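Step one of this worksheet: look at the structure below.
2 protein chains.
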Amino acid sequence: MITMQSIVKEYRTGEVVVQALRGVDLEVERGELLAIMGPSGSGKSTLMNVIGCLDRPTSGQYVLGGVDVSTLDDNELAAIRNRKIGFVFQTFNLLSRTDCFHNVELPLIYGGVARKVRQERAREMLDKVGLSHRMRHHPNELSGGERQRVAIARALVNEPQIILADEPTGNLDSKTGEEILRIFRALHAEGRTMILVTHERYVAEHAARIVHLLDGTIAEDERTSQR
Amino acid sequence: MITMQSIVKEYRTGEVVVQALRGVDLEVERGELLAIMGPSGSGKSTLMNVIGCLDRPTSGQYVLGGVDVSTLDDNELAAIRNRKIGFVFQTFNLLSRTDCFHNVELPLIYGGVARKVRQERAREMLDKVGLSHRMRHHPNELSGGERQRVAIARALVNEPQIILADEPTGNLDSKTGEEILRIFRALHAEGRTMILVTHERYVAEHAARIVHLLDGTIAEDERTSQR
Ligand SMILES: Nc1ncnc2c1ncn2[C@@H]1O[C@H](COP(=O)(O)OP(=O)(O)OP(=O)(O)O)[C@@H](O)[C@H]1O
Ligand SMILES: Nc1ncnc2c1ncn2[C@@H]1O[C@H](COP(=O)(O)OP(=O)(O)OP(=O)(O)O)[C@@H](O)[C@H]1O
Ligand SMILES: [Mg+2]
Ligand SMILES: [Mg+2]
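Chains as they are written, first to last, in the working numbering: chain R, 3 to 229; chain F, 3 to 229.
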């Protein structure tokens with residue numbers, strides 16, 4: 003599903019070049035559930051942004067579902083992102099000017115889903131993450147963990163083939179975090195490919211494989227006992 | 003130091019009234035280290051905003067350092083916030099238009115500290131949180147956990163009497179999180195009053211007392227063995 007070879011990502015800040023990824027080789031099978039861990043600043047979000055076709059690598063090969071993404075233009079990458087990939091951002095990235103319901107409905111509008119069906123699915127997804135009582139709130143009228151759950155609902159509402167979640171439980175107490183992980187596991191059990199970035203061990207232990215990133219490269223690729 | 007009685011905080015969203023705090027009674031001694039835990043949406047950040055004089059309660063009494071804060075006007079509250087309270091926000095609240103160094107220096111500029119001293123202290127604080135190599139980066143050129151550490155550096159640079167930290171390790175791996183907690187503990191050991199909101203048990207266990215919030219009230223006030 004995902005084949006990456008010698009992926010490098012550099013950022014330029016003024017005169018300084020920061021190498022966030024220094025040659026990453028990663029192979030992820032279709033239907034796999036993978037966790038990525040590593041210290042703050044080690045390159046996890048940068049790697050997720052490249053996997054999710056949100057950012058192009060500076061060099062290296064990335065083949066997604068048999069297609070070499072370097073051959074795709076921006077429109078084609080956007081089409082892949084909208085249809086095949088659900089992305090839960092570390093910074094949520096919700097639209098502040100509209101309410102939760104509309105934020106979750108948005109991917110279905112882009113996907114051209116009929117109004118009645120998409121409203122039903124948005125409502126169901128918000129209910130699943132425990133926020134039906136906050137549907138009409140705007141993001142700035144919510145707690146940190148509630149915003150995070152809206153971002154999760156929005157990423158999953160399209161039932162995408164590939165789910166990329168960057169620190170999805172960072173603002174959640176462990177009970178709410180476990181409820182969210184149950185949703186992820188159910189979606190994974192239906193055959194989806196899932197990659198979770200986390201710094202919390204109880205989250206990573208849901209995965210059969212944990213990739214440890216250190217300073218822009220993979221330091222360890224740990225196979226845990228199958229959960 | 004902090005005496006709260008029957009604190010209620012209501013938010014109005016359209017027609018709906020949300021009672022984020024439903025009668026909180028809380029007493030915190032000078033020099034105490036307290037953790038606040040509770041489910042997502044239980045009112046932790048709202049309580050911290052009232053304690054930190056960022057938000058006024060809808061009703062109830064709040065006496066801070068012997069002063070009834072309801073008798074203070076906005077300028078007096080701002081003066082208390084700037085001089086006595088260091089606040090680490092759950093959403094960081096950094097200035098995006100300037101670099102890390104200037105973000106950390108800002109409280110010292112408000113405090114009227116001389117240029118040479120404040121630049122020395124800002125540099126030292128950024129070094130303490132492990133970010134001297136990112137001093138000239140703007141917040142959007144940093145990782146999530148790096149932004150969180152800049153927000154921590156900014157809250158502590160004034161060496162305030164009271165430190166309020168809302169989920170300070172939510173985006174940090176446990177090793178970086180422990181490094182941050184060492185900074186908090188050292189500041190606490192010098193006699194500061196400190197309140198940490200967290201959903202991570204390893205953070206709460208640094209405190210001798212854990213207050214459990216549930217649905218806007220205190221469900222439990224747990225004294226743990228002194229660490
Ligand atoms: N500006 C607002 N307008 C309306 N409701 C609000 C507002 N801010 C917060 N709320 C509601 O008040 C309740 C408490 O919010 P608060 O941010 O204090 O929770 P929290 O315990 O910090 O949660 P988390 O752990 O998710 O950060 C939440 O249910 C939230 O929806
Ligand atoms: N736009 C940018 N410009 C310059 N440097 C950047 C930029 N974005 C990230 N970086 C740097 O690249 C490195 C990797 O960042 P990344 O966000 O991938 O880390 P991370 O592993 O997700 O960290 P965290 O756990 O703190 O979220 C960091 O040191 C960061 O400072
Ligand atoms: Mg990150
Ligand atoms: Mg909060």
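Beta carbons are placed, not taken as given, at the ideal position from N, Cα and C, and that holds for glycine. On a predicted model such as this, the values are computed, not experimentally measured, just so you know.
Residues near residue i by beta carbon distance below 7 Å, same chain, minus five either side
i: residue 3 of chain F; result: 30, 31, 32, 67, 195
i: residue 116 of chain R; result: none
i: residue 143 of chain R; result: none
i: residue 159 of chain R; result: 106, 109, 110, 123, 124, 127
i: residue 183 of chain R; result: 205, 208
Heavy atom of ligand 3 within 6 Å of residue i beta-carbon
i: residue 47 of chain R; result: yes
i: residue 145 of chain F; result: yes
i: residue 92 of chain R; result: yes
Where the alpha helix (DSSP H) through residue i begins and ends
i: residue 47 of chain R; result: 46 to 53
i: residue 83 of chain F; result: 76 to 86
Residues near residue i in its chain [Cβ-Cβ closer than 8 Å; skip 5 each side]
i: residue 126 of chain R; result: none
i: residue 83 of chain F; result: 54, 55, 56, 89
i: residue 8 of chain F; result: 25, 26, 27, 61, 62, 63
i: residue 92 of chain R; result: 47, 168, 169, 172, 199
i: residue 162 of chain F; result: 85, 86, 87, 88, 194
Exposure label - residue i; buried when at least 16 CB within 10 Å
i: residue 204 of chain R; result: exposed
i: residue 193 of chain F; result: exposed
i: residue 229 of chain R; result: In this predicted model, residue 229 of chain R has a pLDDT of only 48, less than 50, meaning its place in the structure is not dependable enough to derive any value.
i: residue 135 of chain F; result: exposed
i: residue 222 of chain F; result: exposed
i: residue 98 of chain F; result: exposed
i: residue 100 of chain F; result: exposed
i: residue 177 of chain R; result: exposed
i: residue 206 of chain R; result: buried
i: residue 44 of chain R; result: buried
i: residue 73 of chain R; result: exposed
i: residue 119 of chain F; result: exposed
i: residue 114 of chain R; result: exposed
i: residue 174 of chain R; result: buried
i: residue 69 of chain F; result: exposed
i: residue 77 of chain F; result: exposed
i: residue 51 of chain F; result: buried
i: residue 148 of chain R; result: buried
Enclosing beta strand (DSSP E) for residue i [first to last residue]
i: residue 65 of chain F; result: 61 to 66
i: residue 207 of chain F; result: First-last for residue 207 of chain F: undefined, no H or E at that position.
i: residue 27 of chain F; result: 18 to 30
i: residue 71 of chain R; result: First-last for residue 71 of chain R: undefined, no H or E at that position.
i: residue 56 of chain F; result: From DSSP, residue 56 of chain F is part of no beta strand (DSSP E); its letter is neither H nor E.
i: residue 39 of chain R; result: 35 to 39
i: residue 194 of chain F; result: Segment: none, residue 194 of chain F is in no beta strand (DSSP E) and carries neither H nor E.
i: residue 297 of chain F; result: The shown model of chain F, from 3 to 229, leaves out residue 297 of chain F, and the question about it has no answer.
i: residue 219 of chain R; result: 219 to 225
Any non-hydrogen atom of ligand 1 within 6 Å of residue i CB
i: residue 20 of chain F; result: yes
i: residue 13 of chain R; result: no
i: residue 180 of chain R; result: no
i: residue 148 of chain R; result: yes
Close-in-space but distant-in-sequence residues of the same chain around residue i (CB under 6 Å, 5 per side omitted)
i: residue 155 of chain R; result: 106, 127, 128, 131
i: residue 211 of chain R; result: 36, 225
i: residue 198 of chain R; result: 37, 167
i: residue 157 of chain R; result: 88, 89, 90
i: residue 48 of chain F; result: 11, 22, 23
i: residue 104 of chain R; result: none
i: residue 190 of chain R; result: 35, 196
i: residue 141 of chain R; result: 96, 98, 149
Ligand 2 heavy atom lying under 6 Å from the CB of residue i
i: residue 43 of chain R; result: yes
Cβ of residue i within 7 Å of any chain B Cβ
i: residue 174 of chain R; result: The chain inventory of the structure shown lacks chain B, comprising the protein chains R and F.
Entirely enclosed beta strand (DSSP E) segments - the segment 130 to 177 of chain R, minimum 3 residues: If we require 3 residues or more, the beta strand (DSSP E) runs fully inside the segment 130 to 177 of chain R come out as 164 to 168.
In chain order, each beta strand (DSSP E) run of at least 3 residues that lies wholly inside the segment 89 to 124 of chain F: Counting only runs of at least 3 residues, the segment 89 to 124 of chain F fully encloses no beta strand (DSSP E) element at all.
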